[in-house]
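Trainee:
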Amino acid sequence: MSHAPSPARVLDAGFRSFEETWALQKQLVAARQAEAIPDTLVLVEHPDVLTLGRGSHAENLLAPGDIPVFEVERGGDVTYHGPGQLVGYPIFHLREGERDLHRYLRNLEEALILTVAHFGVTAGRNPGWTGVWTEAEPRRKLVSLGVACKKWVTYHGFALNVDTDLSRFTLINPCGLEANVMGSLSQLCGRRVDLSEVKPRVVEAFGQIFGRSFV
16 MSHAPSPARV LDAGFRSFEE TWALQKQLVA ARQAEAIPDT LVLVEHPDVL TLGRGSHAEN
76 LLAPGDIPVF EVERGGDVTY HGPGQLVGYP IFHLREGERD LHRYLRNLEE ALILTVAHFG
136 VTAGRNPGWT GVWTEAEPRR KLVSLGVACK KWVTYHGFAL NVDTDLSRFT LINPCGLEAN
196 VMGSLSQLCG RRVDLSEVKP RVVEAFGQIF GRSFV
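Listed below in structure tokens is the structure:
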């Protein structure tokens, strides 16, 4: 059954620590469960941080140095967040007909495939791996995904490498992969792409794929 677009909001959290934004997510999840707020897409840029999902393997954390490391509720392995990366945390109440987390992940991928297409980058899925990858060889991973869900309210989400320092991925095996598979929009576009260019495209794509009307 199709639904009319649901009202939703965007919360642009700017440049904010992972720890602070993690606490914010939990507050928003509780508020969404109580129907005190509409579906909310949090967009944020973090200082350097490493997060370990529920499927993490210790051997994939190579040389974190003094970068903060957090164990979190999302699925997946270790990943890096840092400047130049657009991180999105959809706090969405999945409606009847949406309550399939595999489908939810595929929809996240589809929204981000649409987003990067606006910048002339043809991207898609890579069989056996969650995320968004360039179609052109050598395939580069542009988007990492890791989600959690509590009473059908989602949190955690995606990380899109916009103008990220890709050398930071050498601190880890990102999601169990070698660091050299990672790519960024700036790298692929041959110019510096700013997060401010990407945010409205993400919102537009999420509205289209998830049937939300962002205000």
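Quick note on the numbering used here: the sequence shown kicks off at 16 and runs consecutively. For each residue, glycine too, the CB sits at the ideal point set by N, CA and C. Predicted model, so just to flag it, every value in this text is computed and none were measured.
Would you list, in sequence order, the uninterrupted beta strand (DSSP E) runs of no fewer than 3 residues that lie entirely inside the segment 150-175?
Mentor: As far as the segment 150-175 is concerned, its whole beta strand (DSSP E) runs of at least 3 residues are 156-165.
Trainee: Go ahead and label alanine 220 buried or exposed: buried means 16 or more other beta carbons lie within 10 angstroms of its beta carbon, across all protein chains shown.
Mentor: Per the 10 Å Cβ criterion, buried.
Trainee: Taking the alpha helix (DSSP H) that valine 44 falls in, what are its first and last residues?
Mentor: Run containing valine 44: 33-48, per the alpha helix (DSSP H) assignment.
Trainee: If asparagine 176 and leucine 157 are in contact, beta carbons under 8 angstroms, what's the gap, nearest whole angstrom?
Mentor: Yes, asparagine 176 and leucine 157 are in contact; Cβ-Cβ is about 6 angstroms, under 8 angstroms.
Trainee: For leucine 200, which residues from the same chain have a beta carbon less than 8 angstroms from its beta carbon, with the 5 sequence-adjacent residues on both sides left out?
Mentor: For leucine 200, where only same-chain residues beyond five positions count, the Cβ hits under 8 angstroms are Val131, Phe134, Val136, Leu157, Leu175, Asn176, Val177, Asp178, Val208, Val213.
Trainee: Would glutamine 223 be called buried (16 or more neighbouring beta carbons within 10 Å of its own) or exposed?
Mentor: Label assigned to glutamine 223: exposed.
Trainee: Between the Cα of glutamine 100 and the Cα atoms of Val217, Gly226, Val230, which residue gives the shortest distance?
Mentor: Ranking the options by Cα distance to glutamine 100, first place goes to Val217.
Trainee: Restricting to Cα atoms, I'd like to know which of Glu111, Arg110, Pro105 is closest to glutamate 124.
Mentor: It is Pro105 whose Cα lies nearest to the Cα of glutamate 124.
Trainee: Around the Cβ of methionine 16, are there at least 16 other Cβ atoms within 10 angstroms (buried) or fewer (exposed)?
Mentor: Any reading at methionine 16 must be qualified, since the residue scores a pLDDT of 46, below 50, and its modelled position is unreliable; no value is offered.
Trainee: For asparagine 122, I'd like the list of residues in its chain whose CB is within less than 8 angstroms of its CB, leaving aside the five on either flank, ordered along the chain.
Mentor: Excluding sequence neighbours, asparagine 122 sits near Ile224, Phe225.
Trainee: Determine the direct distance from the alpha carbon of glutamate 152 to that of lysine 41, and round the result to whole angstroms.
Mentor: Near 39 angstroms, if we compare the C-alpha coordinates of glutamate 152 and lysine 41.
Trainee: According to DSSP, is proline 215 part of a helix, a strand, or is it coil?
Mentor: Helix.
Trainee: Terminal residues of the continuous beta strand (DSSP E) containing threonine 185?
Mentor: Threonine 185 -> no beta strand (DSSP E), and no H or E assigned at all.
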